[in-house]
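What follows is a set of notes on a single structure, which appears directly below.
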Amino acid sequence: MSDDIPANLVRRTPWPASVSRAVGTPLQPSVVYVSQTPDQLDLQYQGQVKGYTYAREGHPNAEVLAAKIDALEGAAGGLIVGSGMAAVTAALMGLLSAGDHVIGGDQLYGRSLRLMAQDLGRFGIATSLADPTDVGAVAAAIRPETKMILVEVVSNPTLRVADLKGIAQLAKDRGILLAVDSTFSTPRACRPLEHGADIVIHSVTKLLAGHSDVTLGYVAARDGAHRKAIHDFAVTLGLTPSPFDCWLAERGLYSFHLRYDRAEENAARLADHLAGLAGVKRVLYPLRRDHPDHDRAADLLGRRGGNILSFELDGGRSAANALTRAMPDVAFAPTLGDVGTTLSHPATSSHRAMTPQARAALGISEGFFRVSVGVEDVGLLLRDFTAGVAAAQGA
Ligand SMILES: *Cc1c(COP(=O)(O)O)cnc(C)c1O
C-alpha cells in the first residue's frame, strides 16, 4: 500500500550512538527544541535549568562562537547577531530611549553614520558627531541628556586612531556609556573593555571570520543589565544569526591569530614598499612615523599596526582604473579582513555619497585606495602592487 510508510520516515530518528566523538563542532540547524513536560519548560524559561527553546532566542552554534570571542575580548555573555550592523543597532537601540542623546565618531563606518543621521532621530534619539582623535571635541558635544558615545578605534579609510583612553576617562567622569566598534583593530591589537569601554562591538564578517563567506556581528556589555537589554532587544527584533553562519565563523576563528599576525606583517612590509614607489603620493599606516597618530597608535595598539593601510596615487580616476586593471589577482572589492588582499576605492564605494569637497577635507581623492592585506606570500604582493602603481603612472 502506498500509504504504508515507516514511522521513522516522518518521525525523527534518534541520533546514532557512538563511543567516539566528533572532532569538528556539530552544526545544529534546529529551529525548535523538545522539552519533556510543561514543568520542565517552566524551569527552562525561569532559567533554573538550561535548555534551548527556539532558535531566535539562542542556539548552540551562536553560543560556542560567542564564548570564543568573549575569551578574546576579556568579555562575558557576548551576543552573536546577524551582522556587524545588527550589533551596532542592538547596542544603540537596546540601551537608548527617546529623549536620549548619543555622540558618534565623525568617521564611523558608513552605515553607522547613517543610523545616527537618518534613523535614530525618527525614534526620538538625538545624535551628534565629533572627532574621536580630539577628546576636547567629544567633551564639547556632551549635553545633559547624552547617554552614550560610540567610536571606532581605527577609522576608515584614513586610519586615524581614537583617543580611547581620554574618551573612556571622559565618559566615566560624566556617567556616559562608551561603546567601541573594534572591527578594524580586533582583540589582537586592542581590547576596549580593558581601556574602560562599557560595550564592545565587532563585525565578525571581517577579520574574525576572515573568509568573506559569512555576515555576522558580536556585541558584549560589561554590565549584566545592559547585556540583558541588548539581548532582549536583539531577540525581539529578530537580529538572530543563522547556525550555519556561526559554525562557519567559528571555523574561521580557529586561525584568526595566525591570519592576523601574518596579514599585519605583510601590511607593514607593503606600507614601506609603497612609500618607496614613484607615483605614490602618501601612505597611511598607523605604525609608520609619518602617520599623524603614530604616537597614540604605539601607545594604544602596542606594535599592532593591523592589516589595513591606505595610499594615494599621483593622478586621478584614470590612474586608479589603471591600477586595478593591472593587478587582477588582488580583488577590487569593498570589504576587509579576507584571507586574501582586497583593495577598495572609497571615492566610488564607502564615501561615494559625499561631495568631492567633503571627501577632499578627509584627504580622500580619486587616487586614494584602502588595502586590506591578506596572508599571501609577501613577495607576490609587492610584485602585484609594483605593477599596479607602474600602470597607474603610465595612465
Ligand atoms: C563592516 C563594518 C561594520 C558592519 O558590519 P557588517 O557585518 O557588514 O554588517 C561595522 N563597523 C565596521 C568598522 C565595519 O568595518
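Every letter in the sequence shown is one number past the one before it in the working numbering, and letter 215, counting from 1, is 1698. The beta-carbon is built from N, C-alpha and C at its ideal position, and this holds for glycine as well.
Closest option to ALA1874, judged by alpha-carbon separation, among THR1818, ARG1853, ALA1802, THR1831: ALA1802. For ALA1623, the closest C-alpha among the options GLN1590, VAL1585, GLY1607, ASP1525 is that of VAL1585. In the three-state reduction of the DSSP assignment, PHE1739 falls in the helix class. Within the model, the alpha-carbon separation for LEU1548 versus TYR1535 is close to 16 Å. Note that the C-beta distance between HIS1685 and ILE1552 is below 8 Å. Note on geometry: alpha-carbon atoms of LEU1770 and ALA1780 lie some 7 Å from one another. Every unbroken stretch of the beta strand (DSSP E) spanning 3 or more residues and falling wholly within the stretch 1747–1825 is given here in chain order: 1763–1767, 1791–1796. Proximity of the stretch 1619–1634 to the stretch 1512–1522 falls short of the contact definition, fewer than three beta-carbon pairs being nearer than 8 Å. Taking the C-beta atoms as reference points, THR1824 is found no nearer than 8 Å to LEU1865. Secondary structure of ASP1646 (DSSP, three-state): coil. In this structure, ARG1734 has its beta carbon at no less than 7 Å from each heavy atom of ligand 1.
The Cβ atoms of THR1669 and LEU1642 lie no closer than 8 Å to each other.
In chain order, ALA1809, MET1810 place their CB closer than 7 Å to the CB of ALA1870, counting only its own chain and leaving out the 5 sequence neighbours on each side. Segment contact: the stretch 1843–1856 against the stretch 1782–1799, three or more CB-CB distances shorter than 8 Å; contact assigned. Per DSSP, LYS1630 is one residue of the beta strand (DSSP E) stretching across 1629–1635. Per the C-alpha coordinates, the member of LEU1591, ALA1550, ALA1490, ARG1605 positioned closest to MET1576 is ARG1605. With a cutoff of 7 Å, PHE1667 counts as near ligand 1, since its C-beta is closer than that to a heavy atom of the ligand. Put simply, the backbone Cα of GLY1799 is about 12 Å away from that of LYS1764. Within a 10 Å sphere around the beta-carbon of GLY1877 sit fewer than 16 other beta-carbons, which makes this residue exposed. With respect to the C-alpha of ALA1750, the residue from ALA1538, VAL1856, SER1611, ALA1654 having the closest C-alpha is VAL1856.
Counting only the Cα atoms, VAL1571 lies some 7 Å from SER1595. Within a 10 Å sphere around the beta-carbon of GLU1540 sit fewer than 16 other beta-carbons, which makes this residue exposed. Within the stretch 1658–1730, the alpha helix (DSSP H) runs of at least 4 residues that lie entirely inside it are, in chain order, 1669–1672, 1707–1720.
With a cutoff of 8 Å on beta-carbon distance, ILE1608 and ASP1583 are scored as near each other. According to DSSP, ILE1488 shares a beta bridge with no other residue.
Look at TYR1592 here: in three-state DSSP terms it is coil, with no helix or strand label. Remark: the shortest separation between the CB of LEU1510 and any heavy atom of ligand 1 does not fall under 7 Å.
From the listed residues GLN1531, THR1688, THR1610, the smallest Cα separation to ILE1563 is found for THR1688. In the three-state scheme derived from DSSP, where H, G and I count as helix and E and B as strand, ALA1558 is classed as coil. For PHE1868, the enclosing alpha helix (DSSP H) stretches over residues 1861–1877.
Within the chosen limit of 7 Å, ligand 1 reaches the beta carbon of GLU1635 through at least one heavy atom. About 32 Å separates the beta carbon of GLU1859 from that of ALA1703, a gap too long to meet the 8 Å contact definition. Within the same chain, and ignoring the five residues on either side of GLU1747 in sequence, the residues whose Cβ sits closer than 7 Å to its Cβ are ARG1787, GLY1788, GLY1789, ASN1790.
When DSSP states are grouped into helix, strand and coil, THR1831 belongs to the helix group. Check the Cα spacing between LEU1676 and each of VAL1813, GLY1561, LEU1736: the tightest is with GLY1561. Within the DSSP bridge table, the entry for ARG1853 names SER1793, SER1827 as partners.
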